[in-house]
Amino acid sequence: MSCFLPIAIPQCLIEETHGEEGVQDVDMVLNPPGADNVGWMRPDGNPNANWLRGQIRDCEQDGDLAMGDIVDLNNGVINSALSELADAVETGDTSWDSSVWGPLPAQAPRSGIARNLYGGTWEAPAVVFDDPSYCQGGGGEWTGTAQVSGFVWVAVYDVVTSGPASERTIRTRIDTTRSHKVGTGSGGLSYGVEASGGARMVR
263 MSCFLPIAIP QCLIEETHGE EGVQDVDMVL NPPGADNVGW MRPDGNPNAN
313 WLRGQIRDCE QDGDLAMGDI VDLNNGVINS ALSELADAVE TGDTSWDSSV
363 WGPLPAQAPR SGIARNLYGG TWEAPAVVFD DPSYCQGGGG EWTGTAQVSG
413 FVWVAVYDVV TSGPASERTI RTRIDTTRSH KVGTGSGGLS YGVEASGGAR
463 MVR
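Numbering (the numbering used here), first residue to last: 263 to 465.
And the structure:
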């Protein structure tokens, strides 16, 4: 894919821990490491603050990404990236879809989204990675690398940008009920992302 959300989700979270439907009701967090977790990711490089902010702004910092590629993982709290993501939710052109996810959850007390703009979303494909040990024993390793095993359609609807590090979260929903024709490689796992003829995802 050439346009992607710089977030990675462990495959076992979707397939083993919650299932494709159950995972939609889980608010995944950045820190501390645990089974209900999302993390930052970058193809072949450190997902540092500068890169993450740029990727959130234009979604195309590092070219294409395909099944089998290696990504670097980081689930640390990166404040400037969280603020950039909150801005993206506020200015995006999509909104919460109650027909897919049910009622909009209450806004987090320390949300970075302006109250009058709450209800918007920022939606894009995100990486699914395969780490069989991740969901065993409360979480896997977020400081190494992982191989892309598929893609998932993610809607970010709230971002907690202040307070204790353990509470600064990216609140998401995963859309596994509709197909988003952005393309996946042949044989790759797909959760709400449908192949459109190519081996790579395109915007």
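Backbone N, C-alpha and C define an ideal beta-carbon position, used for all residues, glycine too.
Residues bridged to residue i (per DSSP)
i, result
"Ala386", "Val416"
"Phe266", "DSSP output for Phe266 lists no bridge partner at all."
"Arg433", "Asp420"
The alpha helix (DSSP H) enclosing residue i, as first and last residue numbers
i, result
"Gly316", "311-320"
"Val351", "341-353"
"Trp363", "360-363"
Among the options, the one whose alpha carbon lies nearest that of residue i
i, options, result
"Ile432", "Pro367, Gly364, Leu292, Asp334", "Leu292"
"Gly381", "Arg372, Thr279, Gly338, Ala368", "Ala368"
"Ala328", "Gly338, Pro272, Gly406, Phe266", "Phe266"
"Thr356", "Trp415, Arg377, Glu385", "Glu385"
"Gly412", "Pro426, Ser424, Thr423, Ala388", "Ala388"
"Trp415", "Thr383, Asp349, Ala427, Asn337", "Thr383"
"Gly354", "Glu277, Thr279, Ile375", "Ile375"
"Tyr419", "Asn310, Asp326, Pro365, Asp320", "Pro365"
"Val339", "His280, Thr279, Pro309", "Pro309"
"Arg372", "Gly330, Asp359, Ser428, Ser360", "Ser428"
Where residue i falls, given that 16 or more other Cβ within 10 Å makes a residue buried
i, result
"Arg430", "buried"
"Tyr396", "buried"
"Ile332", "exposed"
"Pro426", "exposed"
"His280", "buried"
"Leu275", "buried"
Beta strand (DSSP E) segment containing residue i, residue limits
i, result
"Val333", "332-336"
"Trp302", "301-305"
"Arg440", "Where Arg440 is concerned, there is no enclosing beta strand (DSSP E), given that its DSSP letter is neither H nor E."
8 Å Cβ cutoff met for residue i and residue j
i, j, result
"Ala417", "Asp437", "yes"
"Val362", "Arg440", "yes"
"Arg315", "Ala270", "no"
"Leu347", "Thr405", "no"
"Pro272", "Met303", "no"
"Ala370", "Val300", "no"
"Gly330", "Val410", "yes"
Any non-hydrogen atom of the ligand NAP within 7 Å of residue i CB
i, result
"Ala343", "As for the ligand NAP, it is missing from this structure, which has no ligand bound."
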